[in-house]
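Q: Residue numbers (the working numbering): 448 to 639.
All C-beta atoms in this analysis are idealised placements derived from N, C-alpha and C, irrespective of residue type, glycine included.
Below you will find the structure I want to go over with you.
Written out as structure tokens, the structure is:
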């Protein structure tokens with residue numbers, strides 16, 4: 448039995464890295480900590496001003512996603528560099544999950560939506576219309592479905608066709624990306 452101490456308040460969520468060598472934990476005190484099991488080292492990634500609600504590793508174990516009380520998601524390197532901020536939910540985000548290929552991040556929120564994001568922070572799709580808040584989410588192993596848990600005690604299964612979603616998104620914004628002079632060169636090629 449091993450106990451790790453370092454947070455100053457309630458620990459809301461913990462997550463193992465895919466290789467099982469690191470545990471990430473987040474707390475009401477606003478801290479994100481990595482516990483390196485081999486070296487017993489504690490690493491503090493960030494101190495937020497807000498409570499951090501959930502944390503998850505990407506499938507490679509090189510990235511970490513967190514959601515905090517400010518209704519945002521942040522993507523981190525394990526060195527503590529904030530790579531991206533995702534904005535779009537209007538209430539607390541309770542759960543995050545990477546797709547099996549690590550290319551999509553799903554978020555479930557009390558605003559009654561599930562959002563799919565690419566790792567550049569772009570919202571790919573929003574599933575809405577469920578009458579209650581959503582507080583848990585995970586991808587199926589093949590990445591074709593999402594299961595979510597809601598505050599009314601139900602598990603909801605959502606069918607995905609990610610290729611169709613990405614194609615549909617590109618149909619909506621493709622011309623804008625290619626023709627707008629204010630769009631960066633790298634973003635112009637997102638739908639190629």
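Considering Cα atoms alone, identify which of 567, 495, 518 and 560 is closest to residue 473.
A: Along the chain shown, read from residue 1 onward, the residue named residue 473 stands at position 26. Residue 495 is the option with its Cα nearest to residue 473.
Q: Roughly how many angstroms separate the alpha carbons of residue 501 and residue 574, rounded to a whole number?
A: In the chain shown, counting from the first residue as 1, residue 501 sits at position 54. In the chain shown, counting from the first residue as 1, residue 574 sits at position 127. One C-alpha to the other measures close to 20 Å.
Q: Okay, do the stretch 515 to 531 and the stretch 557 to 569 touch, 3+ Cβ pairs below 8 Å being the bar?
A: Contact holds: three or more Cβ-Cβ distances are below 8 Å.
Q: Please classify residue 487: is it buried, with 16 or more other beta-carbons within 10 angstroms of its beta-carbon, or exposed?
A: Here residue 487 refers to the residue found at position 40 when the chain shown is read from its first residue. Exposed, because fewer than 16 other Cβ atoms sit within 10 Å of the Cβ of residue 487.
Q: Are the CB atoms of residue 556 and residue 503 nearer to each other than 7 Å?
A: What you label residue 556 is simply residue 109 of the chain shown in a count that begins at 1. What you label residue 503 is simply residue 56 of the chain shown in a count that begins at 1. Not in contact: residue 556 and residue 503 (Cβ atoms no closer than 7 Å).
Q: Apart from the five residues on each side of it in sequence, which residues of its chain come closer than 6 Å, Cβ to Cβ, to residue 577?
A: Looking up residue 577 in the chain shown gives position 130. Excluding sequence neighbours, residue 577 sits near 559.
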